[in-house]
Amino acid sequence: VAAVGDCAQPPEGGTGLVGPGWQQATRLAADLTGTAAPDDASGGQPPVRLKAAGLDLVAMGTRGSTADPVRDRVLTIGDPVGRRHVEITVRGGRLAGVTCVGAPELAPALTVAFDRGTPLPADPLAMLLPERSEEDGSPALMPGGTPVCRCNGVAKKDVVAAWEHGATTVAEVAAATRATTGCGGCRSVVGGLVDWLGQSDPPTSQPASDGREESVAGPQHRVETQETSAS
Numbered sequence: 032v033a034a035v036g037d038c039a040q041p042p043e044g045g046t047g048l049v050g051p052g053w054q055q056a057t058r059l060a061a062d063l064t065g066t067a068a069p070d071d072a073s074g075g076q077p078p079v080r081l082k083a084a085g086l087d088l089v090a091m092g093t094r095g096s097t098a099d100p101v102r103d104r105v106l107t108i109g110d111p112v113g114r115r116h117v118e119i120t121v122r123g124g125r126l127a128g129v130t131c132v133g134a135p136e137l138a139p140a141l142t143v144a145f146d147r148g149t150p151l152p153a154d155p156l157a158m159l160l161p162e163r164s165e166e167d168g169s170p171a172l173m174p175g176g177t178p179v180c181r182c183n184g185v186a187k188k189d190v191v192a193a194w195e196h197g198a199t200t201v202a203e204v205a206a207a208t209r210a211t212t213g214c215g216g217c218r219s220v221v222g223g224l225v226d227w228l229g230q231s232d233p234p235t236s237q238p239a240s241d242g243r244e245e246s247v248a249g250p251q252h253r254v255e256t257q258e259t260s261a262s
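Numbering (the working numbering), first residue to last: 32 to 262.
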């Protein structure tokens, strides 16, 4: 008998988060098949996510205040007007820590990069200020393979397919694809796609890439960037 989730009483303790449950399932599958579990299923410290009225916080790994001044590089973006603060600690070309306040659009990609140990761009600042092309912001121009929910590997084409099979609300799309059921940071993007599909209702025979629609991106604020040495 095997158990997954906090009821399994894992060695790392219960967290009430979905991520460790996925890691436990991966380790169980590896045990049952006699294969080696991937490194990201080793049960490391999971990200902590706090959602409260007016506050969205994701934190994981090493904080800038405790980073190693020799081997770590700390980059910070502060946006007091937009009530946003994002900080990453880079070690060996990979994320060693993330603090993300008020920026749910950045949290999913940072969480995945931290969990998987993905090599970062030559300039890690690109993780905090990703270039938004017209295709990224407009549902009509987004390619079908554009990631929508990184936690569950859901692309735009999966949301469109779910719509064509009768999922016409965010909740129904979530039930069909699992989009928004991870960290929840993609909810606004999924909602934008659902609204766009409701207005245009593209036929199955036509690719959902014709015409131009209003961007689903939120309002932009002036931001101040800062890079500091860990101290």
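Ideal Cβ placement from N, Cα and C applies to all residues, glycine included.
As the structure is a computational prediction, the values presented were derived from the model and not from experiment.
{"Item": "Status (buried if at least 16 other CB within 10 Å, exposed otherwise) for Cys214", "Value": "buried"}
{"Item": "Buried or exposed (CB count within 10 angstroms, at least 16 for buried), Val220", "Value": "buried"}
{"Item": "Thr235 in three-state terms, based on DSSP", "Value": "Here the model assigns Thr235 a pLDDT of 44, short of 50, so the residue's position is not dependable, and the following value carries that caveat. Coil."}
{"Item": "8 Å Cβ shell around Val179 - same chain, five flanking residues per side excluded", "Value": "Val185, Ala186, Lys187, Asp189, Val190, Ala210, Cys217, Val220, Val221, Leu224"}
{"Item": "Buried/exposed call for Val117, threshold 16 Cβ in 10 Å", "Value": "buried"}
{"Item": "Same chain, Cβ closer than 6 Å to Val121, five either side skipped, listed in chain order", "Value": "Arg104, Pro155"}
{"Item": "Test item: CB-CB of Leu88 and Val132 under 8 Å", "Value": "yes"}
{"Item": "Rounded Cβ spacing between Leu159 and Phe145 (contact assumed at less than 8 Å)", "Value": "Rounded, the Cβ-Cβ distance is 14 Å, inconsistent with contact."}
{"Item": "Inside the segment 165 to 198 only - alpha helix (DSSP H) runs reaching at least 4 residues", "Value": "165 to 168, 187 to 195"}
{"Item": "Three-state secondary structure (DSSP) of Thr208", "Value": "helix"}
{"Item": "Residues bridged to Val89 [DSSP beta-bridge criterion]", "Value": "Arg80, Cys131"}
{"Item": "Close Cβ partners of Arg102 (< 7 Å) along its chain, the five nearest in sequence each way excluded", "Value": "Arg122"}
{"Item": "Assigned exposure category for Gln54 - 16 Cβ within 10 Å defines buried", "Value": "buried"}
{"Item": "Proximal residues to Ala134 (C-beta, below 6 Å), its chain only, five neighbours per side dropped", "Value": "Arg115, Val117"}
{"Item": "Gly109 - DSSP class collapsed to helix/strand/coil", "Value": "strand"}
{"Item": "Cβ neighbour criterion (16 or more within 10 Å) applied to Leu106", "Value": "buried"}
{"Item": "DSSP state of Val32 mapped onto helix, strand, coil", "Value": "coil"}
{"Item": "Reference Thr142; option with closest CA among Pro150, Asp226, Val129", "Value": "Val129"}
{"Item": "Pro139 versus Val79, Leu172, Ala60, Ala193, residue with shortest Cα-Cα distance", "Value": "Val79"}
{"Item": "Per-residue burial, Trp170 [other beta carbons within 10 Å of its own, 16 or more giving buried]", "Value": "For the sequence presented, residue 170 should be read as Pro rather than Trp. It counts as buried."}
{"Item": "Identified DSSP bridge partners for Leu63", "Value": "Its beta-bridge partners do not exist; DSSP assigns none."}
{"Item": "Outcome for Leu137 when other beta-carbon atoms lying within 10 angstroms are tallied against a minimum of 16", "Value": "buried"}
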